[in-house]
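Engineer: When we follow numbering that gives the first Met the number 0, the leftmost residue of the sequence shown carries the number 0, and every step to the right adds one.
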Amino acid sequence: MDDTRNVTDEYKGKPIEEIVSDLDGKATGLEIAIENLERDFNMGTIVRTANAFGVRTIHVIGRRQWNKRGAMMTDKYLEVVYHASVDDFLMVMGKKPIIVFDNVEGSQPLSHAKLDRDSVLVFGAEGPGISEELLKRASEIVAIEQFGSTRSINVGVAAGIAMYAWLQQNYLP
């Protein structure tokens with residue numbers, strides 16, 4: 000029987016538990032969070048990209064319900080931790096720097112941002128972005144520079160760019 004899961008060849012035919020164990024050993028150390036206020040359909044894309052970049056833990060702040068279809072089952076290979084509120088999330092994060100990505104006034108350009116190794120990267124919902132409550136309590140607010148006419152790029156794309164920037168600064172040779 001062919002293994003039709005969306006996994007690399009090295010994981011074909013292996014049980015989920017074995018894949019998770021192997022991925023845990025290869026973890027990049029990056030953690031991300033998604034503020035899920037509106038059941039954004041981009042969450043699945045963010046989770047799938049996080050899996051591709053070696054993220055082992057994703058924090059979901061707000062609603063527990065999200066579109067898992069876009070994740071293509073990659074949520075089975077990492078830990079998804081749910082937090083009912085911003086306060087709950089920040090309490091669990093402790094002293095970790097919280098870096099939110101949003102193109103709001105006062106944000107610094109990604110090209111100038113230092114994405115600390117122990118920081119947690121946070122993404123908001125498509126459209127409204129990060130809540131005012133979380134913006135006020137973030138360690139840093141970062142925006143991805145844009146040069147066209149659109150007001151913003153898709154949050155799933157932005158998350159991929161941000162995660163890769165973190166990898167460049169902290170993980171890649």
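For each residue, glycine too, the CB sits at the ideal point set by N, CA and C.
Name the two residues that bound the continuous beta strand (DSSP E) containing L120.
Structural biologist: In the sequence shown, counting from the first residue as 1, residue 120 sits at position 121. 119-122 is the span of the beta strand (DSSP E), which, as asked, contains L120.
Engineer: Excluding the 5 residues preceding and the 5 following N176 in the sequence, name in chain order all residues of the same chain whose CB lies nearer than 6 Å to its CB.
Structural biologist: Nothing about residue 176 can be reported from this structure: the residues present for the chain run from 0 to 172 only.
Engineer: Look at the alpha carbon of V54 and the alpha carbon of I143, and state the distance between them as a whole number of angstroms.
Structural biologist: Walking along the sequence shown from the start, residue 54 turns up at place 55. Walking along the sequence shown from the start, residue 143 turns up at place 144. Whole-angstrom Cα-Cα distance: 20 Å.
Engineer: Go to I98, then tell me how far its beta strand (DSSP E) extends in each direction, as first and last residue.
Structural biologist: Here residue 98 corresponds to residue number 99 of the sequence shown, with the count starting at 1. Per DSSP, I98 belongs to the beta strand (DSSP E) from 97-100.
Engineer: Using 7 Å as the threshold, is the C-beta distance between G128 and D86 below it?
Structural biologist: Along the sequence shown, read from residue 1 onward, the residue named residue 128 stands at position 129. Along the sequence shown, read from residue 1 onward, the residue named residue 86 stands at position 87. No. Outside cutoff.
Engineer: Just to confirm my understanding: we take V119, look at its own chain, exclude 5 residues before and 5 after, and list those with CB closer than 8 Å. What are they?
Structural biologist: For the purposes of this step, residue 119 is identified with residue 120 of the sequence shown, where counting begins at 1. Excluding positions up to five away in sequence, the list reads E30, I31, A32, H58, M92, K95, P96, I97, I98.
Engineer: Considering only the beta carbon of each residue, do G155 and N5 sit closer than 7 Å?
Structural biologist: By one-based count along the sequence shown, residue 155 stands at place 156. By one-based count along the sequence shown, residue 5 stands at place 6. Not a contact, by the Cβ cut-off of 7 Å.
Engineer: Locate the alpha helix (DSSP H) running through G24, then write down its first and last residues.
Structural biologist: Residue 24 sits at position 25 when you count from the first residue of the sequence shown. Residues 15-24.
Engineer: Quick one: is E175 buried, meaning 16 or more other Cβ sit within 10 Å of its Cβ, or exposed?
Structural biologist: One cannot answer for residue 175 here, as it falls past the ends of the chain, which runs 0 to 172.
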